[in-house]
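>
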Amino acid sequence: IVSRRLQQFGIDPLILYHQHTEDTTHPAGDDNEDAVGYLHLQRTLVSGSSTKLKSNCRINEKYVSLKTLREIASPLFTTVDVGVAAGALARPASRLAMLDIGVEDSIKQQCMKSRNAYKEATKR
2 IVSRRLQQFG IDPLILYHQH TEDTTHPAGD DNEDAVGYLH LQRTLVSGSS TKLKSNCRIN
62 EKYVSLKTLR EIASPLFTTV DVGVAAGALA RPASRLAMLD IGVEDSIKQQ CMKSRNAYKE
122 ATKR
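FYI, the numbering for the sequence shown is 2 to 125, going by this note's numbering.
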């Protein structure tokens, strides 16, 4: 989702794989399996010549408009009701369900098949 949004705003999604390190022996990019992507969102408020505040927005050190920063960041952040979240985290099944959200359906199905096969094998 983020890569697609970056492309929509004319930002090369490969900036996600720009390593923020002094190590130049293994630069990110071509055939580097150890390349780690990151997304550094930054907004700095600066007082201008008038009484208005100006936003300086950057994504991975590249200046972007406030609108672009909002569009990129919006799917990454959410508002959480603390009471509801605490209640859900108190239940083991809910914690597992939250973790399972990040797992692909094909992997979940394979795990279910393996579990069922294990149950059958232990019945004998």
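Just so you know, even glycine gets a beta-carbon here, dropped at the ideal spot from N, CA and C.
Quick one: what's LYS55 bridged to in DSSP?
Partner(s): VAL47.
> Confirm, please, whether the CB-CB distance from LEU7 to ILE73 is below 8 Å.
Cβ atoms of ILE73 and LEU7: closer than 8 Å.
> With three or more beta-carbon pairs closer than 8 Å as the criterion, would you say the region 46-64 touches the region 80-88?
No: fewer than three Cβ pairs fall under 8 Å.
> Of the residues GLU62, THR52, SER95, which one's Cα is nearest the Cα of ASP13?
Checked all of GLU62, THR52, SER95; the closest Cα to ASP13 is GLU62.
> Using the three-state DSSP reduction, which class does TYR39 fall into: helix, strand or coil?
The answer is coil: DSSP assigns TYR39 none of H, G, I, E or B.
> Please report the residue range of the beta strand (DSSP E) in which VAL65 lies.
63-65 is the extent of the beta strand (DSSP E) around VAL65.
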